[in-house]
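Trainee: Residue numbers (the UniProt record's numbering): 1 to 295. Note that CB positions come from ideal geometry on N, CA and C, so glycine has one too.
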Ligand SMILES: [Zn+2]
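1. Taking only heavy atoms of ligand 1 into account, decide whether any of them is closer than 7 Å to the Cβ of residue 191.
2. Since I believe residue 139 is in contact with residue 279 (beta carbons under 8 Å), could you give me their beta-carbon distance rounded to a whole number of angstroms?
3. Quick check on DSSP: helix, strand or coil for residue 181?
4. Can you list, in chain order, the residues of its chain whose CB lies under 7 Å from that of residue 163, leaving out five sequence neighbours each side?
5. Across which residues does DSSP place residue 138 in a beta bridge pair?
6. State whether the segment 200-209 contacts the segment 112-130, with contact taken as three or more CB pairs (one from each stretch) at a distance under 8 Å.
7. Ligand 1 and residue 169: does the residue's C-beta get closer than 7 Å to at least one heavy atom of that ligand?
8. With a CB to CB cut of under 8 Å and the five nearest residues on each side skipped, what residues in its chain are close to residue 235?
9. If you reduce the DSSP assignment to three classes, tell me which class residue 82 lands in.
10. List the endpoints of the continuous alpha helix (DSSP H) containing residue 70.
11. Going by beta-carbon coordinates alone, are residue 148 and residue 50 separated by less than 8 Å?
12. Thinking residue 175 and residue 181 are a contact (beta carbons under 8 Å), I'd like their distance in whole angstroms, please.
13. Report the option in 167, 177, 213 and 171 whose CA atom is closest to the CA atom of residue 184.
14. Anyone know if the C-beta pair for residue 70 and residue 89 falls short of 8 Å?
15. Looking at C-beta atoms only, is the number of pairs between the segment 99-106 and the segment 24-32 that lie closer than 8 Å three or more?
16. So, helix, strand or coil for residue 19, using DSSP?
17. Below 7 Å CB to CB, which residues in the same chain sit around residue 85 once its five sequence neighbours on both sides are set aside?
18. With residue 44 and residue 95 assumed to form a contact (beta carbons below 8 Å), what rounded beta-carbon distance in angstroms separates them?
19. Apart from the five residues just before and just after residue 157, which ones in its own chain have a Cβ nearer than 6 Å to its Cβ?
20. Run through the DSSP bridge pairs and tell me what residue 173 is partnered with.
21. Taking only heavy atoms of ligand 1 into account, decide whether any of them is closer than 7 Å to the Cβ of residue 187.
22. Rounding to the nearest angstrom, what Cα-Cα distance links residue 56 and residue 39 in this structure?
23. Does DSSP put residue 12 in a helix, a strand or coil?
24. Under the three-state reduction of DSSP, which class applies to residue 120: helix, strand or coil?
25. Drop a sphere of 10 angstroms on the beta-carbon of residue 167, count the other beta-carbons inside from all chains shown, and report buried for 16 or more, exposed for fewer.
26. Run through DSSP, which three-state label would residue 1 get?
27. Can you give the Cα-Cα distance for residue 87 and residue 72, rounded to whole angstroms?
Written as structure tokens, this is what we have:
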């Protein structure tokens, strides 16, 4: 409920502009979503099992009954119910009409067993995969960092530039430096404040790169020839930095005070250490364990 009211506006929640569309959230994590299912489409896929059962003449009393009472000698794929048919039967026929847009009768009847999940995927269609899901949903990330990173990587946080564009606030300038427009790239990587934070954190975990930008850094970590554990630690440190910069920026707005770079960096290190200690993977090499202890 909290997530819903945060992401989407509505009379029951608030009138603020929505952060991200329902459609963008309603897909697999590897496709950039939150792993939610579109329940209406799932429902259609689930009812489709009855359409399939009639089409393949499954051996059940219910099939025999609807065949003799409704379909009779007609062709099921072309069958239309009359007005006196019951509500549930008309619903099944409506679902058949939806499925006809995606399958031919031959394709549909040739399924040896019915999978709601497969039909759901056919109805929702293929979506391009994203390269950043491993970073955002990394097990070593603190849960609230995952969510802010998921928003940040898609440029969907309510930055001052975004709010000024839709007329919610008067200045588009960065709340940390007041020098540039507060767009995602500036706020997290180009702003003098965040630049110092990210440089200190990169050197802390031994991630040496001159590149900046969330998507680029995620790719660099993903393509690095490090062990899985080190990549996960780097991801967790990057996620914690993004979250903490966002927190400092919000502190400037709500509390009129910005934590020093030193205190933010100290906090990030502490959070990352504590989180990783609490969810330490079982299979970590001795070398990596010793390296982590030095952090
Ligand atoms: Zn700035």
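Mentor: Reading off the structure:
1. Checking every heavy atom of ligand 1 against the Cβ of residue 191, one is found closer than 7 Å.
2. For a cut-off of 8 Å, the C-beta gap from residue 279 to residue 139 is around 6 Å, short enough to register as a contact.
3. Residue 181 falls in the strand class under three-state DSSP.
4. Only 169 meet the Cβ criterion.
5. Partner(s): none; residue 138 has no beta bridge.
6. With the cut-off at 8 Å, the segment 200-209 and the segment 112-130 do not touch.
7. No; taking the cut-off as 7 Å, the Cβ of residue 169 has no heavy atom of ligand 1 nearer than that.
8. Closer than 8 Å at the Cβ level, and outside the excluded window around residue 235, lie 134, 135, 138, 140, 141, 218 and 221.
9. The answer is coil: DSSP assigns residue 82 none of H, G, I, E or B.
10. No alpha helix (DSSP H) holds residue 70; DSSP gives it neither H nor E.
11. Contact flag unset, no.
12. In fact, because the Cβ distance is near 11 Å, the residues do not count as touching under 8 Å.
13. Among 167, 177, 213 and 171, the Cα nearest to that of residue 184 belongs to 213.
14. Against a cut-off of 8 Å, the Cβ pair of residue 89 and residue 70 comes out as a contact.
15. Between the segment 99-106 and the segment 24-32, the count of Cβ pairs shorter than 8 Å is below three; the stretches do not touch.
16. It is coil, neither helix nor strand.
17. Its chain contains 70 as the residues whose beta carbon lies nearer than 7 Å to that of residue 85, once the 5 sequence neighbours on both sides are disregarded; these appear in chain order.
18. Contact check for residue 44 and residue 95: beta-carbon distance about 6 Å, within the 8 Å limit, so the pair qualifies.
19. Here the set comprises 151.
20. For residue 173, the pairing in a beta bridge is given by DSSP as 181.
21. Checking the Cβ of residue 187 against ligand 1 gives yes.
22. Cα-Cα distance, rounded: 26 Å.
23. Confidence is the limiting factor: at residue 12 the pLDDT is only 49, short of 50, which leaves the residue's position unreliable, though a coordinate-based value still follows. In the structure shown, the three-state DSSP call for residue 12 is coil.
24. The answer is helix: DSSP assigns residue 120 an H, G or I state.
25. Residue 167 comes out exposed.
26. Residue placement at residue 1 is poorly supported in this model, since its pLDDT is 48, which falls under 50; the coordinates still yield a value, given next. In this structure, residue 1 counts as coil in the three-state DSSP scheme.
27. One C-alpha to the other measures close to 19 Å.
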